[in-house]
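See below for the structure under consideration.
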Amino acid sequence: MTASPTQMVNLPRPKGRPVDLESAVIRFSGDSGDGMQLTGSQFTNTAALAGNDLVTFPDFPAEIRAPAGTLFGVSGFQLNFAAKSIYTPGDAPDVLVAMNPAALKVNLSDLKTGGILIINQDAFTPANLDKAGFTSNPLEDDSLNAYRLFAIDIGTQTERALAETGLSFKEVGRAKNFWTLGLLYYLYDRPLEYTLRFIEQKFKSKETIAEGNRLALKAGYLYGDVSEIFQETYEINSAQLEPGLYRNITGNQATAWGAIAAGQQAGLPLFYGSYPITPASDVLHELSRHKHFGVKTVQAEDEIAAVAATIGAAWTGQLAMTGSSGPGIALKGEAIGLAVAAELPLVVLNVQRAGPSTGMPTKTEQADLLQAMFGRNGESPVAIVAPQSPADCFEMMIEAFRLALGYMVPVIVLSDGYLANGSEPWKIPDVAALPKVKATFQTTPSDDFHPFQRDEDTLARVWPKIGSPGLEHRIGGLERSYETGHISYDPDNHQRMTEVRAKKIEGMARTIPDLKVYGSEQGGDILLLGWGSTFGAMRQATQIGREQGLDVSHAHLRYLNPFPRNLSELLHRFKRVIVPEMNTGQLLMLLRSRYLIPAEGLNKIEGKPFRVSEILSAIHGEKNKSRGQPW
Amino acid sequence: MVAVTKKDFQTDQEVRWCPGCGDYAILASVQRVMPTLGIPKEKIIFISGIGCSSRFPYYMNTYGFHTIHGRAPAIATGVKVSNPELSVWVITGDGDALSIGGNHLIHALRRNINIKILMFNNRIYGLTKGQYSPTSEPGKKTKSTPMGSIDQPFTPLSVALGANASFVARSVDREAKHLEMVLKRAAEHKGTAFVEIFQNCNVFNDGAFLHFTTKGTKADTQLHIQHGKPLLFGADKQRGIRLGGLHSLTPEVVTLGENGVTERDILVYDETDTSGTLPFLLSKLEPPVAPIPLGVFRAIERPTYDEGVNAQVADAQNKSPDASIEKLLKGGDTWVVS
Ligand code: SF4
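Residue numbers (the numbering used here), protein chains in the order written: chain C, -11 to 619; chain S, 89 to 426.
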């Protein structure tokens, strides 16, 4: 670790030698107005800069400002940081910070027995206790005996520290989260520098507020020192990550940056048509900030207009992308079908959330796989890819564009709320080595030109540059003659064109990497096969299972249509195939129908990611908890 | 440059509208106007939705996109924002534009994207074989309304004006000269141009506009709006429109010389009226109470959406001429693992 910058702000280091830990899981929780997301991300970035591996899981309510003190207004941010490689935000927190009774009520059952429980006792008023449904004050009965309880008057302490600032009562109240962050920094021997810099930038024009937050942060830290409430403090060394330059990145940010990078690789301006929807809006926000890369963003009047405008952009030769979540994708279905028929390169991002209908907008799920596969009228195949971690969104976006442009088809990218908002350290890739994305336009007329002339190998149709003299042509949603490109109702032709559209997708398999097995490559007892954001929990469970002597392996599909070419053969190498999914068995259904294997589902539909322990018990053959899996 | 003619805009596709359909006349007018615009053929784009009129792009030898029901203005928005140098024309019908695509229409008009929307209004669904449309008159008996339609219709121009369209005009399929004048004006306008074209569907709604298109009587039933001129009509221009008295904005039909009415009482038209009141009042006139107003109702200047989008991009690019992926990825907080 670098020399402690705490010294630079004249703060003492924790007394005695901190206890070395391999990893720790902290969950910050409070009212949605308590600033827990900010506190969590500050701790995250500080841990990242110290070289820890980390995985985060922000979990917030759908209400923008839920009534204070209510259970449904509780906002949480969980962070796992470690001196080794980790893959999940952790099953159970080692430390729970609860800023009010509701936060305690919602989160306590997750805290490890013997875990550290830091509570803002000022918020434990009769009214708040009542709102949270406590019949007696847990700070006064023995219900918290199983934990190391630190009930602190955080509100009062913050007020005292900020007494001289002249800030209003309300403003002082808002600084509580920085006080709490300071205390946690002390507990884990973290420098304050990153957050101090953040405060300076964030509150540039509000110096008194900046000063208040700085004072609160330092006061929290000093409280840890002076009060001597903690018998021990902790240290988590930097992780042995692959050498290189790192940054922390969320899934939605990586998605936006991947699209920008694809545009640069292809030498095409990026067009993003979208309509605000949770949890995809941040992609629109992020792309809107990067117009200097030639990015055009259109916030359309509705989901249909968003995809329609994007199709218009694709036709005229832009790098075209639309994005939404499940409900929006449902609305876009007809237009995606148009892109299938007109054979246009289009990337459709679906940041999945819990359904059906409006469902639980801020909660994660991966139940739109079959929608992506089949959610359009007629035979209308599209390619489907799925990033497996927040940072992987970057690479898979480039892949999506490579496939879209290479085959003149729509490509659906299945991200989800957990990937979108979660973050992890990312080794910044070598830009020169990024995969190539190639756009091949036809700009001059050939003798027999028509817009559905195809490449013999990929079957991709030509992409005439709109505006080029001599290439005037008409396309649309009506069936086309394979031979002439004109409208055709010929029965044989329809059969042929249907096959061509399917073959284009199948043919992509030649250009996608074979599926790799982690564990027993030659085959063995159990293969865990998954896709999307379940990667972390599955990989960690596999590691633990193998350490326990089980013959378990893991493979993760980043390409869902087409599947990698070696999938069938690989599946048959294992005695059992278990498919964990945050749905009722959608990949399972595809695997069973295509490969006729008795794969087993492990299904969870709680709006929450898998815990490692849940997957481990499945490996151990314990009856899985899935209730809904009907296959 | 070789002179382009109407023929250059014809395709080899067999036109598949019913014989006698008003669409033929509109197609001919459009094909005649295109060579006069001074725009290279390859820069002209026709985009349509679904319906009889939406087959139009197949018969124009330009770039064309026959899209999905109601969505043409949205697709055209993507095309125009992407390639502002293209001349983008949307062909739509009353069902396509005002029913399934109503939302896209009003938002295109609101944004003032520089596209031309030609809405063929035949007041019926033709391609689906004759159901009432959002412009059909109340009481209309169709296959889906055997007891008569109970829907109240839209006046398309009022809708467009309500969305603050910067250019609003109306013409008729069989008035070729007038239609071509209106099309040219639309082409010259910077911003969304909304043109309603009354189009006879001789199969499912034949004669819907006969009451003001019949040769002998049309001088008395059509009011040709001209900017800066009094709103006069009739064979001898003896009738006109005035606003009803001092305290009323209701337009009324008056006759010169009757009840002391002189030409000074007649409303002089101003297509640049920014309030939108004048064109709105006029959009409500229709037979039998008044003549049907035709021509350019409104032509005002407003910033266009496509220019706005591209100006912001250019501005951002000027401010960061050295943008690179490398810089993006390495910006902000990073750390080295060695
Ligand atoms: S149904 Fe009516 S509108 Fe359609 S082509 Fe025939 S005549 Fe024209």
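All residues carry an ideal CB built from backbone N, CA and C; glycine is no exception.
Determine the extent of the beta strand (DSSP E) in which residue i is found, giving its start and end residues.
| i | result |
| --- | --- |
| C:F191 | Per DSSP, C:F191 belongs to no beta strand (DSSP E) and is neither H nor E. |
| C:W414 | S411 to K415 |
| C:G533 | Per DSSP, C:G533 belongs to no beta strand (DSSP E); it is in the alpha helix (DSSP H), F523 to E535. |
| S:M207 | I203 to N209 |
| S:E431 | Outside the shown range of chain S (89 to 426) lies residue 431 of chain S, about which nothing can therefore be said. |
| S:G316 | Note, S:G316: premise wrong, no beta strand (DSSP E); not H, not E. |
| C:I237 | G232 to T238 |
| C:P77 | No beta strand (DSSP E) holds C:P77; DSSP gives it neither H nor E. |
| C:H438 | C:H438 -> no beta strand (DSSP E), and no H or E assigned at all. |
| C:Q287 | K284 to Q287 |
| C:Q66 | V62 to A70 |
| C:K563 | F562 to E569 |
| C:L590 | E588 to N591 |
Just curious, the alpha helix (DSSP H) that residue i is in, first and last residue?
| i | result |
| --- | --- |
| C:P46 | Counting along the chain, C:P46 falls outside any alpha helix (DSSP H), though it belongs to the beta strand (DSSP E) covering D41 to D47. |
| C:F598 | That residue, C:F598, is in no alpha helix (DSSP H); it is neither H nor E in DSSP. |
| S:D308 | K306 to T309 |
| C:R390 | D380 to Y395 |
| S:L37 | Any property of residue 37 of chain S remains undetermined from this structure, which presents chain S solely from 89 to 426. |
| S:P60 | Absent from the model: residue 60 of chain S. The displayed extent of chain S is 89 to 426, so no value can be given. |
| C:F362 | L357 to F362 |
| C:L272 | S269 to S276 |
Between residue i and chain C, is there a C-beta pair that is closer than 8 Å?
| i | result |
| --- | --- |
| S:I68 | Outside the displayed range of chain S (89 to 426) lies residue 68 of chain S, so it cannot be described from this structure. |
| S:I31 | The structure shown does not extend to residue 31 of chain S, since chain S spans only 89 to 426, so no value can be given for it. |
| S:A275 | no |
| S:D182 | no |
| S:S254 | no |
| S:V425 | yes |
| S:E130 | yes |
| S:V169 | yes |
| S:K306 | no |
| S:F321 | no |
| S:L115 | no |
| S:T216 | no |
| S:P145 | yes |
| S:G396 | no |
| S:Q119 | no |
| S:T150 | yes |
| S:Q400 | yes |
| S:N202 | no |
Counting contacts by CB-CB distance shorter than 8 Å, is residue i in contact with chain S?
| i | result |
| --- | --- |
| C:F259 | yes |
| C:S456 | yes |
| C:Q306 | yes |
| C:A323 | yes |
| C:I603 | no |
| C:S614 | Reliability of the predicted coordinates at C:S614 is poor, the pLDDT of 48 falling under 50, and the value obtained from them is presented with this limitation in mind. No, C:S614 does not count as interfacial toward chain S. |
| C:H280 | yes |
| C:A249 | yes |
| C:I532 | no |
| C:A408 | no |
| C:G232 | yes |
Who pairs with residue i in a beta bridge, going by DSSP?
| i | result |
| --- | --- |
| C:S476 | Answer by DSSP bridge pairing: none, since C:S476 is not bridged. |
| C:N549 | C:I372 |
| C:S313 | Beta-bridge pairing links C:S313 to no other residue. |
| S:R330 | S:E340 |
| C:D404 | C:Q340 |
| C:A227 | Note: C:A227 sits in no beta bridge, so no partner. |
| S:S426 | None, per the DSSP bridge assignment. |
Just checking residue i against the ligand GDP - is the residue's beta carbon closer than 7 Å to any of the ligand's heavy atoms?
| i | result |
| --- | --- |
| S:N290 | With respect to small molecules bound, the structure shown includes the ligand SF4 and not the ligand GDP. |
- prompt: Whole beta strand (DSSP E) runs in the segment -8 to 29 of chain C with 3 or more residues, listed along the chain?
  reply: Unbroken beta strand (DSSP E) runs of no fewer than 3 residues, entirely contained in the segment -8 to 29 of chain C, are found at 7 to 9 and 11 to 19, following chain order.
| query | At which residue ranges does the segment 94 to 170 of chain C contain complete beta strand (DSSP E) runs of 3 or more residues, listed in the order of the chain? | reply | 104 to 108 and 136 to 140
- Every unbroken alpha helix (DSSP H) within the segment 199 to 268 of chain S, with a cutoff of 4 residues, ordered by chain: Taking 4 residues as the shortest admissible run, the segment 199 to 268 of chain S contains the following complete alpha helix (DSSP H) segments, listed from N- to C-terminal end: 244 to 250.
Margin query: Please give the ranges of any beta strand (DSSP E) in the segment 120 to 155 of chain S, keeping only runs that are unbroken, at least 3 residues long and fully inside the region.
Written below: 132 to 136 and 151 to 154
- Message: Suppose only complete runs of 4+ residues qualify. What are the alpha helix (DSSP H) ranges in the segment 443 to 503 of chain C, listed by chain order?
- Response: 479 to 495
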